[in-house]
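With our numbering applied, the sequence shown covers -15 to 455.
All C-beta atoms in this analysis are idealised placements derived from N, C-alpha and C, irrespective of residue type, glycine included.
Given the structure is predicted, the values throughout are model-derived calculations rather than measurements.
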Amino acid sequence: MNDGITDYLSQNKQRFEADLFEWLRMASIGTDSAYDDQTRQAAVWLAEKFKNLGLETDLIETCGQPLVYAQTPPVAGGKTVLVYGHYDVQPPDPVELWTTPPFEPTVRNGNVYARGATDDKGQMITHLFGLEAYLADRGVDGSDGSLPVQVKYLIEGEEESGGAGLDAFLKGEYDKDIGMTVAEKLDADIVVISDCSQYAPGKPAITYGLKGIIYFELFVYGPNRDLHSGAFGGTVNNPANALAQMLTQIKDDQGRIQVPGFYDDVVELTEEERGQFGGLGFSDDDFKTQLGVEDLFGEAGFTTLERRWGRPTFDINGMWSGYQGEGAKTVLPAEAGAKFSFRLVPAQDPNKVHEALEKMLAEICPAGIRFELKNHHGAPGFVLPLGSPFMAAASRAIESGFGTAPVFVRSGGSIPVVNQFKHMLGIDTLLLGWGQDDDNLHSPDEKFSLADFHKGIHSSACLWGEIAKMD
Ligand SMILES: [Zn+2]
């Protein structure tokens, strides 16, 4: 890290905070039309910042909230980085549970408290200030000083409410306005997103894998009406019993999913990954206490973190049938239903899982019972190999910014936009989270550590050079 950038960062610390606080005061609740003016104001404010840095900047109108797009000039033979983030925030409700008002940023114990502090304004804007610091330092380090990569920014205003505008944009619905295809406009070697957490305080992380999902609803039908369980019990199959029987066959008591072929495409965790997870100091006992259970359960042969981050799972999300009211009613219900989902890992194909499950259910469906399987939505998982040179570059940048090398973690959740970039544009994503797990995103008293904010800016300022240097 050269001194020019470090000096610039320390001289501008207060101004970075003041700018962030000004942005946090705009209640950009993208999902609530009562806040449309403030949401647009937040987009315009960000676009102005990019313009002031000398970037070619557009406010792209969509069917929803505008997209803020900005880019530095292309670098012949150099890499291109696409930074994604969002300027919209979750509604602050319940407002009465906030210690200080959600749109009056307040500093306590080194944290700034405000809606959007960590999710995602505070994290996103580190990449604007990181670029600013790099550009301000031009020439100071004795090199020719120009930005060695092209940086593009795509910042949306509907991440918290479905992303309809971004989705339409990615599908090319606004091509005419930009004079090229979206794939050309957004073409990049890597996407960078800071909208997640570190592993723990003092343990910055790169999240290099996400699970996919496929979500189903199963309807089970029996007799043409609810029956008296005394008069008719023992004469026909009961849909509630049948549903329970079918569902319990999907996963065995060792936590192994029994759908034929389910594990065929699973990319197994490598020894290196298992070693990384094992070195994180995760405690099963603490986890049990946290969750209030005496025992943990999951697929045999894997640790808790391995199951959580790197193995597919099956869970029932809801079930219904028969009588739910007070007291007893001796009913043999005519129908039953359940919602359930599989969390998938690379390279499982949600469509293949759907087909195999449908076939299995047809085979195990008891006599006198009909079923219908509805597929709500599916998305594949994502993983960036640990050996990727982008991981090494990001790792060096984080080490410069945080003073310690990051750990490599995966997540059991899904981030739709990562799949959109991968499958619509063919670009992988680096997930660099500066937040903490207890930042209360989506809850009252959302916060972001100002120390981490500045370390994030520092890391971002180093990232451009590290990506340019990689082989
Ligand atoms: Zn977010």
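For Met375, there is no enclosing beta strand (DSSP E); the residue is found in the alpha helix (DSSP H) stretching over 373 to 386. Closest in alpha carbon position to Asn225, among Ala318, Lys336, Gly282, is Ala318. Around the C-beta of Gln55, 16 or more other C-beta atoms lie within 10 Å, and the residue is accordingly described as buried. The region 77 to 90 and the region 6 to 16 touch, with three or more beta-carbon pairs separated by less than 8 Å. The beta carbons of Pro223 and Met344 sit no closer together than 8 Å. For Phe298, the beta-bridge partners assigned by DSSP are Phe326.
Annotation: the continuous beta strand (DSSP E) that includes Gly362 extends over 354 to 363.
For Asp103, the distance from the CB to the nearest heavy atom of ligand 1 is below 7 Å.
Distance between Asp(-9) and Val166, taken at the CA atoms: about 38 Å. Considered as a whole, the region 186 to 270 harbours 189 to 194, 196 to 205 as its complete beta strand (DSSP E) runs of no fewer than 3 residues, in chain order. The secondary-structure analysis by DSSP pairs Thr56 with nothing; it has no beta-bridge partner.
In this structure, the CA atom of Lys35 is about 10 Å from the CA atom of Tyr53. Relative to ligand 1, Asp179 has its C-beta within less than 7 Å of a heavy atom. About 14 Å separates the Cβ atoms of Phe324 and Phe246, ruling out a contact at the 8 Å cut-off. For Lys136, the uninterrupted beta strand (DSSP E) run begins and ends at 134 to 140, by DSSP.
Distances from the alpha-carbon of Arg394 to those of Ile451, Tyr205, Ser181 put Ser181 closest. Taken from the Cβ of Glu143, at least one heavy atom of ligand 1 lies inside 7 Å.
Here the distance from the Cβ of His360 to the nearest heavy atom of ligand 1 is not below 7 Å. For Asp42, the enclosing beta strand (DSSP E) covers residues 40 to 44.
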